[in-house]
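> Numbering (the numbering used here), first residue to last: 2 to 126. Built from N, CA and C at the ideal position, the CB exists for glycine as well. Predicted model only: the values in this text are computed from it and were never measured. Got a structure for you, questions after.
Pasting the structure below:
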């Protein structure tokens, strides 16, 4: 799939039909999804042009926040892995023009190394 290969996920991969439905009207012409994974209800989508963070909010999940971050705007990122007593990992992405990083909690079982590879591949291209 071009820049990225395969899907990774927490327990299961992202359903391609669900992903296509969620990204309807979000992707630009010619933009290709390379990697996507679900963390509880949220979805991280790595395309050949940007990172799209889909944050499902509320009890019913009817409110959804789409954050689009072009790779060229990412100045740095860090992934903190889970420890013995701290079961969650944390992803921080610093975007140019923003003071605070975008922070996401990653549950145990999330492929944090895969996230690092995907971010590095997107940022370094």
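1) How about residue 107 and residue 92: are their beta carbons less than 7 Å apart?
2) Quick one: Cα of residue 49 to Cα of residue 123, how far?
3) Note down, in chain order, each residue of its chain lying with its Cβ closer than 6 Å to the Cβ of residue 52, except the 5 sequence neighbours on either side.
4) Do you know offhand how far residue 103's Cα is from residue 19's?
5) Of all the options 76, 43, 79, 81, which has the alpha carbon lying nearest to the alpha carbon of residue 66?
6) Between the alpha carbons of residue 95 and residue 77, how many angstroms are there, rounded?
7) Should residue 90 and residue 83 be called a contact, given that it needs their Cβ atoms to be closer than 7 Å?
8) Taking the C-alpha atoms as reference points, what is the distance between residue 79 and residue 30?
9) In whole angstroms, what is the alpha-carbon distance linking residue 81 and residue 56?
10) Can you give me the C-alpha to C-alpha distance between residue 116 and residue 39, rounded to a whole angstrom?
Considering the structure as presented:
1) Looking up residue 107 in the chain shown gives position 106. Looking up residue 92 in the chain shown gives position 91. Contact: yes.
2) Position 48 of the chain shown, counting from 1, holds the residue named residue 49. Position 122 of the chain shown, counting from 1, holds the residue named residue 123. Taking the straight line from one Cα to the other gives about 7 Å.
3) On the chain shown, residue 52 is found 51 positions in, with the first residue counted as 1. Spatial neighbours of residue 52 in its own chain (CB-CB distance under 6 Å, excluding positions within 5 residues in sequence) are listed in chain order as 70.
4) Translated into the one-based positions of the chain shown, residue 103 becomes position 102. Translated into the one-based positions of the chain shown, residue 19 becomes position 18. Cα to Cα, the separation comes out at about 24 Å.
5) Translated into positions along the chain shown, residue 66 becomes position 65. Measuring from the Cα of residue 66, the nearest candidate turns out to be 43.
6) In the chain shown, residue 95 corresponds to position 94, counting from 1. In the chain shown, residue 77 corresponds to position 76, counting from 1. Approximately 5 Å between the Cα atoms of the pair.
7) Translated into positions along the chain shown, residue 90 becomes position 89. Translated into positions along the chain shown, residue 83 becomes position 82. With contacts defined by Cβ atoms closer than 7 Å, residue 90 and residue 83 form a contacting pair.
8) Residue mapping note: residue 79 aligns to position 78 of the chain shown, counting from 1. Residue mapping note: residue 30 aligns to position 29 of the chain shown, counting from 1. Computed Cα separation, rounded: 30 Å.
9) On the chain shown, residue 81 is found 80 positions in, with the first residue counted as 1. On the chain shown, residue 56 is found 55 positions in, with the first residue counted as 1. Taking the straight line from one Cα to the other gives about 20 Å.
10) The residue given as residue 116 occupies position 115 in the chain shown. The residue given as residue 39 occupies position 38 in the chain shown. Within the model, the alpha-carbon separation for residue 116 versus residue 39 is close to 12 Å.
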